[in-house]
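Residue numbers (the numbering used here), protein chains in the order written: chain A, 2 to 576; chain B, 18 to 314. Backbone N, C-alpha and C define an ideal beta-carbon position, used for all residues, glycine too. Heads up: the structure comes next, in structure tokens.
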């Protein structure tokens, strides 16, 4: 269509001047851009503000995005136009006038003189804010997305998970709140379900949740004892055992503060609990050791069978009371004792066998520790007949039976003589020769039996190792009783100490390593105690890292949770 | 200089604040040698976490303060200087709070968002320090509206001069004005892409054909008009064409400045489109972090 554009201007003399421009175009574009048919500048004018159509189509105006115009004083985004209409865009006036002959449209343009040419920038997109980039929308979207995926969906997943329903693979669950990995055992036990431990939201993990699995754990201090102190209520399990991102050493805090925080103040804080203060592992910071010894108490049961009591005594002054006669010095003297088969002196491990835990020793017993050398024979002419160990009454009866049988046996010489020389039996010619006996055969046999029984229980045999009580009973089977023997198996039941680790020391190994701590070589009494004291440990250990010392922390020897159940098991073993 | 204003505001007062805060945070962190491993769960961790939250909220309030023109609560300059220095310290405080423990969880998401926000902020500080110098050198001390006003006048003069020339020149010059490209989309603004065009009448062709030709940096239209100068028959026409070439060259110079100004301003503000939305995401993640910590503790 042919368009006549008439620009009206106020001349210098006040008269209106006009300048005509002829345009041939399909539409008339209005805006600030240079390529618009009518270029208008100003605050309310967009780069491409509106389009005027005419010619074959009805005369109309349509504003572009968010633009508007005042058509005869009325705001509109689009409108049909007629001759004489006044269009106001950003203070510029466009008036549709009757087109002269040869033109389809004629528009008078009265530009707003106030609109500065500096507004030309509006014709272009010169700022990032004019592009698709935005701050507001992404801000709200991202915040909403984080709240949705990080809080709402995980929260909604709690109930179905606790009801045992499986969640869709891509659904964010409360796992997204997981502050860090669990230790593998807990990971396995809980199957990564937060609710296993966090049973109630906004409530600390309760001890009851821990005890669902850890049923046998024992508190460090019994509630009744704790009440006697000024330490306040017991801590929750999780106060010390911090899950999620636990250190590689595990959930148990290893630092000395665990113990020292309370035990250094035992004098003032422990109230009625009288415990010596501990502030470290040194001569001054740690008290001397005290051992738990099993000792015979009052005799309340059968004669000679005492109630055993555990006595806690200082290492320096403690004496064993096991009721066993034994001399380490004698057994370790190669001039007196050798292993016949191997022709060598006895060593520690010939009697003491380290248990599987590497900490304790297999309990000493006649059968395992002594019998390989010490047989319980009583008649050199019958080396294959041995007395039953641990059953004195049976032993007496066996001796009587043996001699009664011997008295009436038509072929008494069938036995073979001594197979080997036993270490504690000196056979004399006298013993080998049977003294003559006159009278009935049974009476002779019983006299011979009595002599042998008294010999066994008073002179050699049983009496070599055991304390024997002569009841002087008329009834021979009841006459002698052996004082029961109990050896302490664990001198420090609440302390761990690895004998296996200490079997190899700086410059010692084997028996030398054992003897460096347990100086048994010159001990001839079983009452001697060979447990090393603090000073001995401090020869090699220190509480601090030092070049010539191995550092020891409290937890290397002590456990926070007492081993009550384990200790009870040991008691049973010893009995 | 901008550098003086932001980082060295009042003898870098806030740098000292930041150093003091950092030292205090390290000191608090260092006391974590008790039963618990360093982390957000110790009392020191809670203190550091609370400090970090307060810092984040305060740092985010800069956006509010900038819009409160009547506020007397410190100048925006002071706020910005403190924003930069304390924002840098936040990285230390938050890292000490979490004791370097990370994982695929909402807590690390909050930390990662914080790092991106701080990282974009560092880019912002760099651009705020380096770009104004380039802007001033480019615009010769004139504001952008002044440049556009000059361009508008040159455009109007160019159209009028062109009208007096022969149609080929007139079409070329007017089309070059109408089809001048400036700014535009994100990439065009950032890279200063110039997709200007003009209508070139090919004189070699038998019939005068008009083609739309590239007019990058307005060089093509200048060359086109300049080539017409020796062909002009009359002295008056030569004078017009020469005046037109001079005008087009002035226009070219102004356009270069404007385009560079747009480009520099785009880079000056680009980081904000990361910094601000992610700040909101960070605030949301922070709410989730705090809430879930106490839901499952």
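Residue i versus residue j: straight-line alpha-carbon distance, rounded
{"i": "residue 135 of chain A", "j": "residue 63 of chain A", "result": "27 angstroms"}
{"i": "residue 21 of chain A", "j": "residue 157 of chain B", "result": "38 angstroms"}
{"i": "residue 267 of chain A", "j": "residue 389 of chain A", "result": "53 angstroms"}
{"i": "residue 428 of chain A", "j": "residue 532 of chain A", "result": "Reliability fails at residue 428 of chain A, whose pLDDT of 48 lies under 50, so the model's placement of it is uncertain and no value is given."}
{"i": "residue 312 of chain B", "j": "residue 200 of chain A", "result": "10 angstroms"}
{"i": "residue 113 of chain A", "j": "residue 56 of chain A", "result": "28 angstroms"}
{"i": "residue 445 of chain A", "j": "residue 313 of chain A", "result": "53 angstroms"}
{"i": "residue 122 of chain B", "j": "residue 129 of chain B", "result": "11 angstroms"}
{"i": "residue 184 of chain A", "j": "residue 540 of chain A", "result": "37 angstroms"}
{"i": "residue 457 of chain A", "j": "residue 515 of chain A", "result": "34 angstroms"}
{"i": "residue 376 of chain A", "j": "residue 513 of chain A", "result": "30 angstroms"}
{"i": "residue 251 of chain B", "j": "residue 36 of chain A", "result": "31 angstroms"}
{"i": "residue 80 of chain A", "j": "residue 5 of chain A", "result": "21 angstroms"}
{"i": "residue 180 of chain B", "j": "residue 186 of chain B", "result": "9 angstroms"}
{"i": "residue 140 of chain B", "j": "residue 60 of chain B", "result": "34 angstroms"}
{"i": "residue 410 of chain A", "j": "residue 475 of chain A", "result": "27 angstroms"}
{"i": "residue 39 of chain A", "j": "residue 95 of chain A", "result": "10 angstroms"}
CA nearest to the CA of residue i, picked from the options
{"i": "residue 28 of chain B", "options": "B/98, B/244, B/113", "result": "B/98"}
{"i": "residue 499 of chain A", "options": "A/489, A/360, A/220, A/320", "result": "A/360"}
{"i": "residue 154 of chain B", "options": "B/280, B/274, B/303", "result": "B/274"}
{"i": "residue 142 of chain B", "options": "B/24, B/246, B/176", "result": "B/24"}
{"i": "residue 94 of chain B", "options": "B/63, B/30, B/49, B/107", "result": "B/30"}
{"i": "residue 121 of chain A", "options": "B/166, B/230, B/171", "result": "B/166"}
{"i": "residue 394 of chain A", "options": "A/471, A/252, A/502", "result": "A/471"}
{"i": "residue 105 of chain B", "options": "B/151, B/32, B/126, B/87", "result": "B/32"}
{"i": "residue 332 of chain A", "options": "A/391, A/211, A/473, A/346", "result": "A/346"}
{"i": "residue 169 of chain B", "options": "A/74, A/162, A/186, A/117", "result": "A/117"}
{"i": "residue 219 of chain B", "options": "B/114, B/188, B/271, B/288", "result": "B/188"}
{"i": "residue 52 of chain A", "options": "A/42, A/78, A/209", "result": "A/78"}
{"i": "residue 267 of chain B", "options": "B/246, B/147, B/235, B/183", "result": "B/235"}
{"i": "residue 358 of chain A", "options": "A/497, A/506, A/556", "result": "A/497"}
Per-residue DSSP class, three states only, for residue i
{"i": "residue 230 of chain B", "result": "strand"}
{"i": "residue 322 of chain A", "result": "coil"}
{"i": "residue 109 of chain A", "result": "strand"}
{"i": "residue 417 of chain A", "result": "The predicted position of residue 417 of chain A is uncertain, since its pLDDT is 46 and thus under 50; no value can be drawn from it."}
{"i": "residue 310 of chain B", "result": "helix"}
{"i": "residue 64 of chain A", "result": "strand"}
{"i": "residue 60 of chain B", "result": "helix"}
{"i": "residue 220 of chain A", "result": "coil"}
{"i": "residue 299 of chain B", "result": "helix"}
{"i": "residue 29 of chain B", "result": "coil"}
{"i": "residue 378 of chain A", "result": "strand"}
{"i": "residue 458 of chain A", "result": "helix"}
{"i": "residue 284 of chain A", "result": "coil"}
{"i": "residue 242 of chain A", "result": "coil"}
{"i": "residue 11 of chain A", "result": "strand"}
{"i": "residue 482 of chain A", "result": "strand"}
{"i": "residue 2 of chain A", "result": "coil"}
Contact under 7 angstroms by Cβ, residue i with residue j
{"i": "residue 400 of chain A", "j": "residue 488 of chain A", "result": "no"}
{"i": "residue 524 of chain A", "j": "residue 287 of chain A", "result": "no"}
{"i": "residue 103 of chain B", "j": "residue 72 of chain B", "result": "yes"}
{"i": "residue 214 of chain B", "j": "residue 242 of chain B", "result": "no"}
{"i": "residue 125 of chain A", "j": "residue 200 of chain B", "result": "yes"}
{"i": "residue 181 of chain A", "j": "residue 245 of chain A", "result": "yes"}
{"i": "residue 148 of chain A", "j": "residue 298 of chain B", "result": "no"}
{"i": "residue 174 of chain B", "j": "residue 232 of chain B", "result": "no"}
{"i": "residue 219 of chain A", "j": "residue 563 of chain A", "result": "yes"}
{"i": "residue 195 of chain A", "j": "residue 238 of chain A", "result": "no"}
{"i": "residue 46 of chain B", "j": "residue 113 of chain B", "result": "yes"}
Contact test: residue i Cβ vs the ligand MN heavy atom, cutoff 6 angstroms
{"i": "residue 460 of chain A", "result": "Absence of the ligand MN from the depicted structure is noted, as is the absence of any ligand whatsoever, leaving it without description."}
| request: Taking only beta carbons into account, state which residues of the segment 132-154 of chain A come closer than 9 angstroms to chain B, listed in chain order. | output: Hits within the stretch, in order: 132, 133, 134, 135, 136, 137, 138, 139, 140, 141, 142, 143, 144, 145, 146, 147, 148, 150, 151, 152.
| task | Can you give me, in chain order, the residues of the segment 192-216 of chain A that have a beta carbon less than 7 angstroms from any beta carbon in chain B? | result | Considering only beta carbons, the part of the segment 192-216 of chain A lying closer than 7 angstroms to chain B consists of 195, 199, 202, 203, 205, in chain order.
| message | Please identify, using Cβ separations under 9 angstroms, the residues of the segment 99-133 of chain B that lie next to chain A, in order along the chain. | response | Result list: 116, 118, 119, 120, 121, 122, 123, 124, 126, 127, 130.
| request: With 7 angstroms as the limit, tell me which residues of the segment 21-50 of chain B have their beta carbon closer than that to any beta carbon of chain A; keep them in chain order. | output: The residues in question: there are none.
| message | Counting only Cβ-Cβ distances shorter than 8 angstroms, please list the residues of the segment 288-304 of chain B near chain A, keeping chain order. | response | Result list: 289, 290, 293, 294, 295, 296, 297, 298, 300, 301, 302, 304.
| field | Under 7 angstroms (Cβ pairs) to chain A, residues found in the segment 142-173 of chain B | value | Those would be 161, 162, 163, 165, 166, 168, 169, 170, 172, in chain order.
| query | What residues in the segment 323-342 of chain A bring their beta carbon closer than 7 angstroms to a beta carbon of chain B? | reply | So the list is empty, because no residue satisfies the distance condition.
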